[in-house]
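Working notes, beginning with the structure itself.
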Amino acid sequence: MSDATINTNTDTGEAGFGDYFALLKPRVMTLVVFTALVGLLAAPVPVHPMIGFAAILFIAIGGGASGALNMWWDADIDRIMKRTRGRPIPSGKVERGEALGLGLTLSVMAVVMLALATNILAGAMLAFTIFFYVVIYSMLLKRSTPQNIVIGGAAGAFPPVIGWLAATGYMAVEPWLMFALVFMWTPPHFWALALFMRSDYDDAGVPMLTVTHGRPATRRHILIYTILLAGLALGTAFTAIGGPVYLSVSAILNALFLHGAWKIWRRDEEMAEVDNYAVERRFFRLSLLYLALHFAAILAEAVLKPYGLGGWS
Amino acid sequence: MSLKVTHELHQRRLGRNVGLALVLAGFIAVVFGLTVVKVTSGAFEPPRATQGGE
Chain A
1 MSDATINTNT
11 DTGEAGFGDY
21 FALLKPRVMT
31 LVVFTALVGL
41 LAAPVPVHPM
51 IGFAAILFIA
61 IGGGASGALN
71 MWWDADIDRI
81 MKRTRGRPIP
91 SGKVERGEAL
101 GLGLTLSVMA
111 VVMLALATNI
121 LAGAMLAFTI
131 FFYVVIYSML
141 LKRSTPQNIV
151 IGGAAGAFPP
161 VIGWLAATGY
171 MAVEPWLMFA
181 LVFMWTPPHF
191 WALALFMRSD
201 YDDAGVPMLT
211 VTHGRPATRR
221 HILIYTILLA
231 GLALGTAFTA
241 IGGPVYLSVS
251 AILNALFLHG
261 AWKIWRRDEE
271 MAEVDNYAVE
281 RRFFRLSLLY
291 LALHFAAILA
301 EAVLKPYGLG
311 GWS
Chain B
1 MSLKVTHELH
11 QRRLGRNVGL
21 ALVLAGFIAV
31 VFGLTVVKVT
41 SGAFEPPRAT
51 QGGE
């Protein structure tokens, strides 16, 4: 056998390190890390930096593991959608079984390590989050109901709750406000994406709202959810995790977000096609900033509190 | 035929091995750091028997 027989294709089971890392959905992981960090730091209990670092690390690994399990399950539709065609499994770099193995191993490791580093409740909540994302969302909801995004959004909303639990070890109302913020933000965020990704979800047979109820209904839903979200986000300003800084940031962001949703609702497909979905794309980009800045404002309130500046007192 | 030729596949394999080594080393460092913090903060101390207790 000579070297010439070595297969140069990437589907040899010889994936690079980066391909395995890509299975963990690093971009989603940044959202998980940031919101979990805010949940941890907004908690009224100081955490040792090493314990805090370990907690965030294991929450991130748990989130990444659920991403790998999602890619294992969704490999067939990822192959069809333009947005996901380049992922490690559909591009032939990693085999499905490898993603399953990596996802399961990292899930168990992350849950056990988080429970050991912080407390059992935080570990249990991480386990439930992984279960919710993989089984409830990916396996049961995603392909069967147009409400997939609405209910599935809960999976992405758990990290601040886990962060809070890691710090305190007990449940409180505040982390659930952060949960609600991400939960209500997810549908308009994804529906805007579904509007300008056009045929992706149709081709894959995923019953997104754009497919089952049509695009005008999706535009209407975006507006309704944005109004509900604005009420929730502004109301949070007057709770224990809010304050003047949060209120100022939230007021500006919600004005912009409502304006964007209003413009999306006023448009039809013909208008959108003329400018290649510029309004929808802008709304989607704004949604990323919207969530990041809301959590940054919650963090700012928590950081300022020891100096007597955060919150309303 | 020289055995020294490094194929792209070998580079990928090396990158994967080095990456895994770094991940494992990082994991050991985190567990060590956690252990030091837990031990020095007294998290593993057995509860002390109170004087006059049974």
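One line per chain: the protein sequences are A and B, in this order.
If you read the first sequence in our numbering, its first letter stands for residue 1, the second for the next number, and so on.
If you read the second sequence in our numbering, its first letter stands for residue 1, the second for the next number, and so on.
We treat Cβ as the ideally placed atom computed from N, Cα and C, and that holds for glycine.
Counting of Cβ neighbours within 10 angstroms places L34 of chain B among the buried residues, the total reaching 16 or more.
Around the beta carbon of I252 of chain A, fewer than 16 other beta carbons sit within 10 angstroms, so the residue counts as exposed.
Of all C-beta pairs linking the region 267-275 of chain A to the region 200-208 of chain A, fewer than three are shorter than 8 angstroms, placing the two stretches out of contact.
F21 of chain A has its alpha-carbon roughly 37 angstroms from the corresponding atom of A217 of chain A. Contact annotation for G16 of chain A against chain B: R12, G15 and R16 [CB-CB distance below 7 angstroms, chain order]. Shown in chain order are the members of the region 33-65 of chain A whose Cβ falls below 7 angstroms from a Cβ of chain B: H48, M50, I51, A54 and L57. Closer than 9 angstroms to the CB of F257 of chain A there is not a single CB belonging to chain B. Within the region 196-232 of chain A, complete alpha helix (DSSP H) segments of at least 4 residues are found at 200-204 and 209-212, given in chain order.
In the DSSP assignment, N254 of chain A falls within the alpha helix (DSSP H) that extends over P244 to R266.
Here DSSP, grouped into helix, strand and coil, assigns F34 of chain A to helix. For T186 of chain A and V112 of chain A, the gap between their C-alpha atoms comes out near 29 angstroms. Shown here, N17 of chain B sits in a helix according to DSSP, grouped into three states. Excluding its 5 nearest sequence neighbours in each direction, I80 of chain A has C-beta neighbours in its own chain below 7 angstroms: D203 and A204, listed in chain order. F131 of chain A: member of the alpha helix (DSSP H) spanning I120 to F131, first to last residue.
In this structure, the CA atom of L165 of chain A is about 27 angstroms from the CA atom of H189 of chain A. Among the residues of the region 99-124 of chain A, those with a Cβ less than 7 angstroms away from any Cβ of chain B are A117, in the order of the chain.
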